[in-house]
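Here the sequence shown stands for residues -19 to -1, 1 to 135, where the numbers follow mature numbering (1 follows the signal peptide of the UniProt record, and there is no 0).
In what follows, a single structure is set out as structure tokens and then discussed.
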Amino acid sequence: MPQAVSLLPFLLLVGYGFAELSIWPSFHVALSKSSVFVDFSTKSNSSNSSNATLSLVNMETNTTVLSRALPSSRLAGRVEFDCSCFLYAGTFRFLLRQTSSVSPSNGSENTEHYIWWWSSELQVQWPTFHIAVEKAGNHSGSFQVGISTNEHFQ
């Protein structure tokens, strides 16, 4: 409990931030024409300037696939990640990074504070492919190969 009490003046001094990230759907099929939507909501008691970036992160390789800057005036909204963002299967999460520049009252240099919020996991799977092999003709030595899936691709 003493730690919480000692942090309270610090939080009031530099400003605190809270955010919420929710994704839907939580399951996606790679190469499909559907999109994934991320709803975000940030709150801050600080009047200092801040920048926010929403990134798609591949959790298996710990690499950023795509980042989008959010307008500094928007505290809440929805961002669409279309099918071109998910070209392969894997486990992904969204990362909201907020950078705030704090101006101390004593006139010293500005300091930057970084806050990160993670979404729940997004599972991206390959579609189920069906392969059929047929003989092209009765007396022919050639075959026809058909590939299909239940997904509707563009």
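Think of the CB as a built atom: it goes at the ideal place given N, C-alpha and C, for glycine as much as any other residue.
Query                                                                                               : Result
Cβ shell of residue 50 (< 6 Å), same chain only, five flanking positions each side left out         : 34
Contact set for residue 45: own chain, Cβ-Cβ below 6 Å, skip 5 residues either direction            : 36, 38
Element boundaries [beta strand (DSSP E), containing residue 116]                                   : 110 to 116
Cβ-based neighbour list, residue 18, same chain, cut-off 6 Å, excluding 5 preceding and 5 following : 5, 59, 61
Inter-residue CB distance, residue 78 and residue 95 (contact presumed, cutoff 8 Å)                 : 7 Å
From 7, 12, 20, residue whose alpha carbon lies closest to that of residue 98                       : 20
Coil, strand or helix - residue 65 by DSSP                                                          : helix
Burial state of residue 123 (16 or more Cβ within 10 Å)                                             : exposed
Residue 135 - DSSP class collapsed to helix/strand/coil                                             : Summary for residue 135: the model assigns pLDDT 47, below 50, so the residue's position carries little reliability; its value from the coordinates is reported in the next sentence. Coil.
Pairwise C-alpha distance: residue 85 and residue 108                                               : 54 Å
Burial state of residue 121 (16 or more Cβ within 10 Å)                                             : exposed
Where the beta strand (DSSP E) containing residue 48 begins and where it ends                       : 44 to 51
Coil, strand or helix - residue 120 by DSSP                                                         : coil
Span separating the alpha-carbon of residue 131 from that of residue 13                             : 10 Å
Residues bridged to residue 5 [DSSP beta-bridge criterion]                                          : 18
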